[in-house]
Every structure is written in structure tokens, then in C-alpha cells.
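So the structure is just underneath, and the comments pick up after that.
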Amino acid sequence: MPIEDLLKLITSALEDMKGKDIVQLDVRGLSNVTDYMVIATGTSNRHVKSLADEVSFQAKQNGVVIAMNKPTKIVAGTNLIFGRAKHGMR
């Protein structure tokens, strides 16, 4: 799947599940691990889990494997971060 389509898929899934503050970050040239990151905020731990589950489900339905599906707690809230590994990285 082209990266642009993957970004749309992830963003749409987050929007459909009412994710907040959705941001696509282009980190090409800044990261050796990924080219893009999509960050969203959930309103509760349960909401963040639902966001992660929906993105994973949509990805699998489209033949994409998400290497890490783990919500990360950050001081004042809970953010969900997904990245796509660069070619050759495991």
C-alpha cells in the first residue's frame, strides 16, 4: 500500500472513532526508523484502546501489519503513536 494511502487509512480510522488532535508528522530525514508518524489523543484509556484497535483492524483488513500497537501514557493525557518501519528495519 502506498504511504499516502496508509496515512489516509490511519487518519480516517482515528477520525471515525472520534480521536482528537490528529496530526500527521513527516519525519523523513529526522528518523532512521520511520518516515511518518500519526499522533492522536483519546479522551480516556478505554477510548485510546478503541482507537488502537480500530487502526489495527483497518490496517489488517487492507493487508498492512502494524508492528506495535501499544498506547503510551504521557504526563497529562494519553497519546497513541503509530509509525511505519522503513524498508529493511525489523
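Residue numbering for the sequence shown follows numbering that gives the first Met the number 0, beginning at 0 and increasing consecutively. Where is the CB? At the ideal position from N, CA and C, for every residue including glycine. Note that the structure is a prediction, hence the values are computed from the model and not measured.
Check, Outcome
"Candidates S55, D4 and G18, of which the one nearest N44 by Cα", "G18"
"Extent of the continuous beta strand (DSSP E) to which L24 belongs", "K19 to D25"
"Inter-residue CB distance, Q23 and T42 (contact presumed, cutoff 8 Å)", "So it is not a contact: roughly 20 Å between Cβ atoms."
"Beta carbon of D100 nearer than 7 Å to that of Y35", "Here the chain comprises residues numbered 0 to 89, so residue 100 is not present and cannot be evaluated."
"Coil, strand or helix - V37 by DSSP", "strand"
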